[in-house]
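To convert, count from 1 in the sequence shown and add 143; that's my numbering. Backbone N, C-alpha and C define an ideal beta-carbon position, used for all residues, glycine too. What follows is one structure encoded as structure tokens, with my remarks underneath.
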Amino acid sequence: MIAAAYINLSRASERRAFMEGQAERLGLDLARFAAISTDDVDEVRFEALHDRWERPMTRTEVAALLSHAGLWQRAMETNAPIAIFEDDAVLSPRLPDVLAGTLPAFDLINLEYFARRKFYRRYASDGVMFDVARDKAGAAAYIISPEGARKALADLDRHAAPADAFLYASGRLDITQMEPALAVQAEILHRNGIDPGIRTVTQIHTPRPPSSARPENWLFGWRRFLTHLRLVPLHLGRGTFYEFRQPRVDLSEFSRDQSAS
């Protein structure tokens, strides 16, 4: 059985109860991992990380990234993969069987449906695992291997980004997507008219100050340009080498899961 943990702030008691209720209902051994709060991010660490992406990161985003990194460290130290969930992830009843089964070699398996398209390598799947050439967003549910954790942590001293953007940066990790997806964020279900069983106000995103014409903003713009440039070969290969689509998901199973609570 692959170990599983969810990231949860100490003050987020409602979300803790939500995740523990799902774990009990599914018969899943799901450990709580105490999230790093904004108060835990000292000024030195914040200044070292917040300006290394395509825009300045908020302190909340830095704290969330470091929270994920804490579990990457655990995977590397234990030399065992770990399934990582954010505390607004609604879990599929199929999840325990998947975690108890045999999985192929990987850096990261994305378990989540995030309602955004991504680039898949055509003809590179077994009908359940689909090889991803470029992922887009969402870090609420994934399995990371010890090798994937090592790669991610090795880059953390040189680069930083919100957790999903950091994980899915071009070329950092070999990524596969499990379909149908095994988790959906509560907000995504709410948008689709499904009651997730928990309030959907996010605790990750906070308002960001508007961009200014300061010289350092040219560097952020250059980084964004390089990111878009790396996407050009993928777009040119759509329909031949790559498929651009959303992950497959059966949203009805998440509705049934909540109605059984």
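Exercise. What is the rounded straight-line gap between the Cα of residue 305 and the Cα of residue 237?
Worked result: In the sequence shown, counting from the first residue as 1, residue 305 sits at position 162. In the sequence shown, counting from the first residue as 1, residue 237 sits at position 94. Here the alpha carbons of residue 237 and residue 305 stand approximately 28 Å from one another.
Problem set entry | Exposure label - residue 144; buried when at least 16 CB within 10 Å | Along the sequence shown, one-based indexing puts residue 144 at 1. Looking at its Cβ environment, which holds fewer than 16 other Cβ atoms inside 10 Å, residue 144 is exposed.
For this session: Please name the residue or residues paired with residue 320 in a DSSP beta bridge.
Result: As a position in the sequence shown, residue 320 is number 177, starting the count at 1. In the DSSP secondary-structure assignment, residue 320 is bridged to 253, 273.
Problem set entry | According to DSSP, residues forming a beta bridge with residue 268 | For the purposes of this step, residue 268 is taken as the residue at position 125 of the sequence shown. According to DSSP, which records beta bridges pairwise, residue 268 is partnered with 273.
Exercise. When the Cα atoms are used, what is the spatial distance from residue 187 to residue 202?
Worked result: Locating residue 187 in the sequence shown gives position 44, where the first residue counts as 1. Locating residue 202 in the sequence shown gives position 59, where the first residue counts as 1. Each residue's Cα considered, the two are about 12 Å apart.
Exercise. Does the beta-carbon distance from residue 165 to residue 257 come in below 8 Å?
Worked result: Looking up residue 165 in the sequence shown gives position 22. Looking up residue 257 in the sequence shown gives position 114. Against a cut-off of 8 Å, the Cβ pair of residue 257 and residue 165 comes out as no contact.
For this session: Please confirm whether residue 275 and residue 318 have their CB atoms less than 8 Å apart.
Result: Residue 275 sits at position 132 when you count from the first residue of the sequence shown. Residue 318 sits at position 175 when you count from the first residue of the sequence shown. Cβ atoms of residue 275 and residue 318: closer than 8 Å.
For this session: Spatial neighbours of residue 219 within its chain, please: CB distance less than 7 Å, with the 5 preceding and 5 following residues excluded, ordered by chain position.
Result: Taking the first residue of the sequence shown as 1, we reach residue 219 at position 76. Cβ neighbours of residue 219 beyond the five flanking positions: 289, 292, 293, 296.
Exercise. Looking only at DSSP bridge pairs, what is residue 107 linked to?
Worked result: The structure shown does not extend to residue 107, since the chain is modelled only from 144 through 404, so no value can be given for it.
Exercise. From what residue to what residue does the beta strand (DSSP E) around residue 173 run?
Worked result: Along the sequence shown, read from residue 1 onward, the residue named residue 173 stands at position 30. Annotation for residue 173: the continuous beta strand (DSSP E) segment containing it runs 173–177.
Exercise. With a Cβ-Cβ cutoff of 8 Å, do residue 363 and residue 197 count as a contact?
Worked result: For the purposes of this step, residue 363 is identified with residue 220 of the sequence shown, where counting begins at 1. For the purposes of this step, residue 197 is identified with residue 54 of the sequence shown, where counting begins at 1. Yes.
For this session: Please state whether DSSP places residue 384 in a helix, a strand or coil.
Result: In the sequence shown, the residue the question calls residue 384 occupies position 241. Of the three classes helix, strand and coil, the one that applies to residue 384 here is coil, per DSSP.
Exercise. Okay, do the region 176–192 and the region 146–164 touch, 3+ Cβ pairs below 8 Å being the bar?
Worked result: Contact between the region 176–192 and the region 146–164 is present, because at least three Cβ pairs lie under 8 Å.
Problem set entry | Stretch pair the region 387–394 + the region 212–230: three plus CB contacts closer than 8 Å | No, they do not touch.
Exercise. Measuring CA to CA, which of 280, 394, 199, 230 is closest to residue 135?
Worked result: Given that the chain is displayed from residue 144 to residue 404, the structure contains no residue 135 and the question cannot be resolved.
For this session: With distances taken Cα to Cα, identify the nearest neighbour of residue 396 among 361, 192, 169.
Result: By 1-based counting over the sequence shown, the position of residue 396 is 253. Minimum Cα distance to residue 396 is reached at 169.
For this session: Could you say which of 378, 383, 216 lies nearest to residue 94 if we only look at CA atoms?
Result: Residue 94 cannot be examined here, being either before or after the span of the chain that is shown, 144 to 404.
Exercise. How long is the line joining the alpha carbons of residue 247 and residue 361, rounded to whole angstroms?
Worked result: Within the sequence shown, residue 247 is the residue found at index 104, counting from 1. Within the sequence shown, residue 361 is the residue found at index 218, counting from 1. Inter-residue distance for residue 247 and residue 361 is about 42 Å (C-alpha atoms, whole angstroms).
Exercise. What's the gap between the Cα of residue 149 and the Cα of residue 263?
Worked result: In the sequence shown, residue 149 corresponds to position 6, counting from 1. In the sequence shown, residue 263 corresponds to position 120, counting from 1. Spanning the two alpha carbons is a distance of roughly 27 Å.
Exercise. Mapping DSSP to helix, strand and coil, what is residue 284?
Worked result: On the sequence shown, residue 284 is found 141 positions in, with the first residue counted as 1. Three-state result, residue 284: strand.
For this session: Look at the alpha carbon of residue 162 and the alpha carbon of residue 232, and state the distance between them as a whole number of angstroms.
Result: Taking the first residue of the sequence shown as 1, we reach residue 162 at position 19. Taking the first residue of the sequence shown as 1, we reach residue 232 at position 89. A straight-line Cα-Cα distance of about 8 Å links residue 162 and residue 232.
Exercise. Helix, strand or coil for residue 294 per DSSP?
Worked result: Sequence index remark: in the sequence shown, residue 294 carries index 151 (1-based). In the structure shown, residue 294 falls within a helical segment according to DSSP collapsed to helix, strand and coil.
Exercise. For residue 263, which beta-bridge partners are listed by DSSP?
Worked result: Numbered from its first residue, the sequence shown carries residue 263 at position 120. According to DSSP, residue 263 bridges with 275, 386.
Problem set entry | Endpoints, beta strand (DSSP E) assigned at residue 212 | Residue 212 sits at position 69 when you count from the first residue of the sequence shown. From DSSP, residue 212 is part of no beta strand (DSSP E) but of the alpha helix (DSSP H) over 202–221.
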